[in-house]
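Enquirer: Residue numbers (numbering that gives the first Met the number 0): 0 to 429. The beta-carbon is built from N, C-alpha and C at its ideal position, and this holds for glycine as well.
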Amino acid sequence: MKKKKGLTRREFIKKVGTTASVLGVSTVLPGMPKLVRAGSKDHILIGRPLPLTGPVAAFSESSPWLDNRALAAINKDGGIYIKEYGKKLPVKVKILDTESNPTKAGELASRLILKDKIDVMYVSSTPATVSPVSGVCERFKVPSVSTMMPCEMFLHGGKYDWCFNASMSVVDFLVAFIEAWDQVETNKVVGLCAQNDPDGIAWAEGARKALAPKGYKLVDLGRFPVGTNDYTTQINGWKKGKVEILFANMSPPDFITMWRQCHRNGFIPKMCTAGRAGLFSSTIEAIGGDLGVGVTSEAVWLPSYPFKSSLSGETAKEFADAYEKASGKQWSQPLGGLYTGYEILADALRRAETLDREAIRRALADTDLQALQGPIKFTKENIAVTPSGCLQWVKGKKFPFEAVLVANGNYANLPVQRKAVSIHKLRGIS
Numbered sequence: 000m001k002k003k004k005g006l007t008r009r010e011f012i013k014k015v016g017t018t019a020s021v022l023g024v025s026t027v028l029p030g031m032p033k034l035v036r037a038g039s040k041d042h043i044l045i046g047r048p049l050p051l052t053g054p055v056a057a058f059s060e061s062s063p064w065l066d067n068r069a070l071a072a073i074n075k076d077g078g079i080y081i082k083e084y085g086k087k088l089p090v091k092v093k094i095l096d097t098e099s100n101p102t103k104a105g106e107l108a109s110r111l112i113l114k115d116k117i118d119v120m121y122v123s124s125t126p127a128t129v130s131p132v133s134g135v136c137e138r139f140k141v142p143s144v145s146t147m148m149p150c151e152m153f154l155h156g157g158k159y160d161w162c163f164n165a166s167m168s169v170v171d172f173l174v175a176f177i178e179a180w181d182q183v184e185t186n187k188v189v190g191l192c193a194q195n196d197p198d199g200i201a202w203a204e205g206a207r208k209a210l211a212p213k214g215y216k217l218v219d220l221g222r223f224p225v226g227t228n229d230y231t232t233q234i235n236g237w238k239k240g241k242v243e244i245l246f247a248n249m250s251p252p253d254f255i256t257m258w259r260q261c262h263r264n265g266f267i268p269k270m271c272t273a274g275r276a277g278l279f280s281s282t283i284e285a286i287g288g289d290l291g292v293g294v295t296s297e298a299v300w301l302p303s304y305p306f307k308s309s310l311s312g313e314t315a316k317e318f319a320d321a322y323e324k325a326s327g328k329q330w331s332q333p334l335g336g337l338y339t340g341y342e343i344l345a346d347a348l349r350r351a352e353t354l355d356r357e358a359i360r361r362a363l364a365d366t367d368l369q370a371l372q373g374p375i376k377f378t379k380e381n382i383a384v385t386p387s388g389c390l391q392w393v394k395g396k397k398f399p400f401e402a403v404l405v406a407n408g409n410y411a412n413l414p415v416q417r418k419a420v421s422i423h424k425l426r427g428i429s
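#1: Could I get the ranges of all uninterrupted beta strand (DSSP E) runs contained in the region 117 to 148, with 3 residues as the minimum, in chain order?
#2: Are L191 and L217 close, meaning C-beta to C-beta below 9 Å?
#3: Buried or exposed: G373, going by 16 or more other Cβ atoms within 10 Å of its Cβ?
#4: So S59 and L70 are in contact, right, with Cβ under 8 Å, and what is the actual spacing, rounded?
#5: Please report how far the alpha carbon of R349 lies from the alpha carbon of V420, in whole angstroms.
#6: Here's a check: name, in chain order, each residue in its chain whose Cβ is nearer than 7 Å to the Cβ of E401, leaving out the five neighbours to either side.
#7: Pull the bridge partners of K269 from the DSSP assignment, please.
#8: In chain order, what residues of the same chain lie with their CB nearer than 6 Å to the CB of P224, ignoring the 5 residues before and after it?
#9: Below 8 Å, can you find three or more Cβ-Cβ pairs linking the region 301 to 309 to the region 91 to 102?
#10: Rounded to whole angstroms, what is the Cα-Cα separation between V292 and L368?
#11: Any chance the region 206 to 221 sits against the region 179 to 187, with 3 or more Cβ pairs inside 8 Å?
#12: In or out: K40 buried (at least 16 other Cβ within 10 Å) or exposed?
#13: Using 8 Å as the threshold, is the region 318 to 330 in touch with the region 109 to 120, meaning 3 or more CB pairs across them?
#14: By how many angstroms is the C-alpha of F139 removed from the C-alpha of H42?
#15: In chain order, what residues of the same chain lie with their CB nearer than 7 Å to the CB of W330, ignoring the 5 residues before and after it?
#16: K238 to R263, Cα distance in whole Å?
#17: Nearest CA to the CA of K316: which residue from E297, C271, L371, E284?
#18: Output the residue ranges of the alpha helix (DSSP H) runs that lie fully inside the region 36 to 80 and measure 4 residues or longer, sorted by chain position.
#19: So which of G408, I359, A56 has the shortest CA-CA distance to D160?
#20: When the Cα of L344 is compared with those of K307, T146, E243, L220, which residue comes out closest?
#21: Give me the Cα-Cα distance between A179 and N409, rounded to the nearest whole angstrom.
#22: What does DSSP give as the partner residues of M249 in its beta bridges?
#23: Going by DSSP, which residues form a beta bridge with W161?
#24: Which first and last residues belong to the beta strand (DSSP E) in which P374 is found?
#25: Counting only the same chain and skipping the five closest in sequence on each side, list residues whose C-beta sits under 8 Å from that of G199.
#26: So for S296, helix, strand or coil by DSSP?
#27: Per DSSP, what kind of secondary structure is S431 in: helix, strand or coil?
#28: Return the Cβ separation of V144 and L363 in integer angstroms, given the expectation that the two are a contact with Cβ distance under 8 Å.
#29: Cutting at 7 Å between CB atoms, please list the residues of its own chain near L404, excluding the five before and the five after it.
#30: Roughly how far, in whole angstroms, is the beta-carbon of S124 from the beta-carbon of G156, given that I think they are within contact range, below 8 Å?
#31: Mark Y84 as exposed unless 16 or more other C-beta atoms lie within 10 angstroms of its C-beta, in which case mark it buried.
#32: Fully enclosed by the region 385 to 427, which beta strand (DSSP E) runs are 3 residues long or longer?
#33: Return helix, strand or coil for D198, following the three-state DSSP convention.
#34: Please report the straight-line C-alpha distance between Q260 and A127, rounded to a whole angstrom.
#35: Applying the 10 Å Cβ sphere with the 16-neighbour rule, what's the burial state of S429?
#36: Please work out which residues of its chain come closer than 7 Å, Cβ to Cβ, to T366, disregarding the five sequence neighbours upstream and downstream, and give them in chain order.
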């Protein structure tokens with residue numbers, strides 16, 4: 000049988016359809032019409048650095064549909080009232096592609112602040128984008144909101160005064176993951192597969208602290224570089240350690256490469272929890288065949304979650320259905336978190352009634368909002384932890400795969416749909 004090669008980043012981007020060529024008018028890229036003109040003061044301007052291409056581009060797949068939908072809701076009645084202008088101003092957004100590159104993300108943040116004169120910043124999706132942009136905002140004292148960035152990683156950046164993060168927690172993830180693993184009969188030996196980046200390091204630290212007290216043994220062979228193509232050493236180590244649960248945190252293309260090699264080398268654990276990569280149905284599909292069946296991951300937002308939009312009143316289910324109808328694509332988890340960032344900014348600006356940066360910062364600090372992602376209320380550390388659980392990918396009816404919630408961890412109000420099932424049982428592996 001012909002062996003499959005690892006999926007390259009270029010192939011992965013093509014597979015999920017997240018390329019610059021399909022972006023809409025909300026996006027500012029070379030050769031495309033700009034949504035706003037720098038220096039104009041007849042609107043409120045949000046700066047929006049996003050990884051539209053590169054290894055974490057899957058996080059931004061719902062842009063520009065989501066951005067346009069949020070702006071339409073915010074501007075429905077003319078925008079947001081600003082006292083110093085004595086009228087409502089429409090909100091506009093300038094989106095720039097970070098290419099999943101931290102250095103470029105920081106450069107674009109500076110450009111948005113110094114050249115485009117943005118009023119506020121909104122940044123999302125992993126430390127590669129959020130951390131450098133937040134650092135720039137702190138330096139220039141520009142109010143910023145971030146989402147889809149675990150709070151622990153946000154806090155690694157130090158004390159923030161101007162930046163606010165509304166996202167999930169690695170601690171919550173681990174509680175839900177262990178709850179799911181407990182539902183399957185295993186030897187409780189966990190193999191860690193975490194990349195040498197802020198995401199992977201934080202998950203590794205969390206695993207070392209959480210697993211032993213719950214009776215799990217961790218087989219940690221160390222961090223490995225992003226873009227690794229050969230996982231033979233790790234796979235042999237997991238085999239030797241009798242690993243029955245694989246716990247990974249990797250970018251989508253790297254997870255696909257690793258998981259395919261596991262199968263080629265005869266290593267199929269009873270459970271595989273794929274942080275970051277496993278968020279997306281596009282990743283599970285791109286693996287090929289039924290190799291993604293049974294993979295578990297963090298459940299940061301599902302259509303079944305009991306939350307509504309503060310802008311439109313839509314339920315999570317209604318919002319997911321609207322996306323599928325408009326795009327023809329399956330809903331994705333970042334929908335809830337990415338939309339909520341706009342809800343937070345709109346709420347703070349409405350309460351501030353000014354474009355004064357200090358007043359906006361204070362309004363953000365006082366946020367107490369029920370949003371599409373869940374309740375948002377910032378702590379003194381400028382974080383708001385949003386609800387999350389553990390999902391498992393199974394064969395779907397409308398789409399090739401569907402996510403079902405198998406554990407709600409620290410959030411009893413998240414509706415569990417069924418218990419976790421071992422990969423071996425789901426795929427008929429003896």
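Expert: Taking the geometry as given:
#1: 119 to 123, 143 to 146
#2: Here residue 191 corresponds to residue number 192 of the sequence shown, with the count starting at 1. Here residue 217 corresponds to residue number 218 of the sequence shown, with the count starting at 1. Yes. Within cutoff.
#3: For the purposes of this step, residue 373 is identified with residue 374 of the sequence shown, where counting begins at 1. Classification of G373: buried, given that the 10 Å Cβ count is 16 or more.
#4: As a working note, residue 59 is residue 60 in the sequence shown. As a working note, residue 70 is residue 71 in the sequence shown. S59 to L70, Cβ: 16 Å. No contact.
#5: Looking up residue 349 in the sequence shown gives position 350. Looking up residue 420 in the sequence shown gives position 421. Their Cα atoms are separated by approximately 47 Å.
#6: Walking along the sequence shown from the start, residue 401 turns up at place 402. Hits under 7 Å: V393, G395.
#7: Here the question's residue 269 lines up with position 270 in the sequence shown. Paired residues: none, contrary to the question.
#8: Locating residue 224 in the sequence shown gives position 225, where the first residue counts as 1. These residues qualify, in order along the chain: N195.
#9: no
#10: Here the question's residue 292 lines up with position 293 in the sequence shown. Here the question's residue 368 lines up with position 369 in the sequence shown. Whole-angstrom Cα-Cα distance: 36 Å.
#11: yes
#12: Here residue 40 is taken as the residue at index 41 of the sequence shown, counted from 1. Per the 10 Å Cβ criterion, exposed.
#13: no
#14: Residue 42 sits at position 43 when you count from the first residue of the sequence shown. Residue 139 sits at position 140 when you count from the first residue of the sequence shown. For H42 and F139, the distance between alpha carbons rounds to 21 Å.
#15: For this step, residue 330 is matched to residue 331 along the sequence shown. Closer than 7 Å at the Cβ level, and outside the excluded window around W330, lie P302, A319, Y322, E323.
#16: By one-based count along the sequence shown, residue 238 stands at place 239. By one-based count along the sequence shown, residue 263 stands at place 264. The straight-line gap from Cα to Cα measures roughly 13 Å.
#17: Mapped onto the sequence shown, residue 316 falls at position 317. Among E297, C271, L371, E284, the Cα nearest to that of K316 is on L371.
#18: 64 to 73
#19: As a first step, residue 160 is located in the sequence shown; it is residue number 161 there, counting from the start. Residue I359 is the option with its Cα nearest to D160.
#20: Position 345 of the sequence shown holds residue 344. It is T146.
#21: Residue mapping note: residue 179 aligns to position 180 of the sequence shown, counting from 1. Residue mapping note: residue 409 aligns to position 410 of the sequence shown, counting from 1. In a straight line, the C-alpha of A179 is about 13 Å away from that of N409.
#22: On the sequence shown, residue 249 is found 250 positions in, with the first residue counted as 1. Beta-bridge pairing links M249 to R275.
#23: What you label residue 161 is simply residue 162 of the sequence shown in a count that begins at 1. DSSP output for W161 lists no bridge partner at all.
#24: As a working note, residue 374 is residue 375 in the sequence shown. Residues 373 to 376.
#25: Mapped onto the sequence shown, residue 199 falls at position 200. Cβ neighbours of G199 beyond the five flanking positions: A193, R222, N248, M249.
#26: The residue given as residue 296 occupies position 297 in the sequence shown. Of the three classes helix, strand and coil, the one that applies to S296 here is strand, per DSSP.
#27: Limits of the chain in this structure are 0 at one end and 429 at the other, which puts residue 431 out of reach.
#28: Sequence index remark: in the sequence shown, residue 144 carries index 145 (1-based). Sequence index remark: in the sequence shown, residue 363 carries index 364 (1-based). V144 to L363, Cβ: 7 Å. Contact.
#29: Translated into the one-based positions of the sequence shown, residue 404 becomes position 405. For L404, where only same-chain residues beyond five positions count, the Cβ hits under 7 Å are A298, L301, S303, G388, L390, L413, P414, V415, Q416.
#30: For the purposes of this step, residue 124 is taken as the residue at position 125 of the sequence shown. For the purposes of this step, residue 156 is taken as the residue at position 157 of the sequence shown. So it is not a contact: roughly 15 Å between Cβ atoms.
#31: For the purposes of this step, residue 84 is identified with residue 85 of the sequence shown, where counting begins at 1. Exposed, since its Cβ has fewer than 16 Cβ neighbours within 10 Å.
#32: 388 to 394, 400 to 406
#33: Taking the first residue of the sequence shown as 1, we reach residue 198 at position 199. Of the three classes helix, strand and coil, the one that applies to D198 here is helix, per DSSP.
#34: Position 261 of the sequence shown, counted from the first residue, corresponds to residue 260. Position 128 of the sequence shown, counted from the first residue, corresponds to residue 127. Roughly 26 Å between the two C-alpha positions.
#35: Numbered from 1 along the sequence shown, position 430 holds the residue referred to as residue 429. Classification of S429: exposed, given that the 10 Å Cβ count is below 16.
#36: In the sequence shown, the residue the question calls residue 366 occupies position 367. Hits under 7 Å: I343, D346, A347, I375, K376, F377.
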